[in-house]
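Here is the structure we will look at.
In the working numbering, the protein residues as written are 71 to 244.
And the structure:
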């Protein structure tokens with residue numbers, strides 16, 4: 071029996087340490103949330119007019135879209151469109167410009183994925199969206215070229231299929 075007491079004490083100490091760690095993590099999370107909220111408020115810092123509420127809403131929507139990996143799609147509900155809307159209201163909003171710059175590589179990867187999946191109209195829309203932020207970016211020029219080339223390939227394939235169908239129809243008519 072004397073051995074069971076230290077085992078119980080060790081279990082209690084372990085449980086107490088776990089609870090203490092959980093409490094510290096919760097406190098740290100609360101502090102982190104306050105800091106992020108403060109950063110968001112700083113990003114929204116604008117003249118006291120009717121647009122500041124709209125900016126806060128757009129920033130919240132953009133943050134949610136980023137967390138949900140909706141960078142450039144779907145149309146009308148993605149991070150890039152929300153951030154670009156903020157820039158229309160506040161053209162000099164540095165945190166938003168930085169956020170768009172940070173998201174740019176992942177967003178261009180999404181455009182390339184759409185091109186490779188032959189979602190060419192969607193890729194065109196996404197490319198147009200990214201060009202609103204940075205119209206002179208070399209990566210976007212390359213993606214535009216890839217999109218055009220893919221469109222030409224699809225057109226050629228469609229023409230080949232149409233020629234085969236016409237040949238089959240002509241052969242059947244004989």
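Cβ atoms here follow ideal geometry from the backbone N, Cα and C, with glycine treated the same way.
Per-residue DSSP class, three states only, for residue i
i	result
residue 214	helix
residue 142	coil
residue 137	helix
residue 244	coil
residue 147	coil
Span of the alpha helix (DSSP H) around residue i
i	result
residue 162	It is not in any alpha helix (DSSP H) - residue 162 carries neither H nor E in the DSSP assignment.
Alpha-carbon to alpha-carbon, residue j and residue i
i	j	result
residue 197	residue 158	19 Å
residue 216	residue 243	41 Å
residue 116	residue 122	Low confidence applies here, because residue 116 scores a pLDDT of 42, under 50, leaving its location unreliable; read the following figure in that light. The straight-line gap from Cα to Cα measures roughly 6 Å.
residue 233	residue 165	54 Å
residue 194	residue 223	16 Å
residue 228	residue 182	22 Å
residue 168	residue 220	32 Å
residue 209	residue 238	43 Å
residue 170	residue 231	42 Å
residue 213	residue 150	17 Å
Runs of alpha helix (DSSP H) wholly within the segment 172–217 (minimum 4 residues, chain order): 190–203
The segment 172–187 / the segment 121–129 touching (three or more Cβ pairs under 8 Å): The way I'd put it, the segment 172–187 doesn't touch the segment 121–129; fewer than three beta-carbon pairs between them come closer than 8 Å.
Cβ contact check for the segment 156–174 and the segment 193–207: 3 or more pairs under 8 Å: yes
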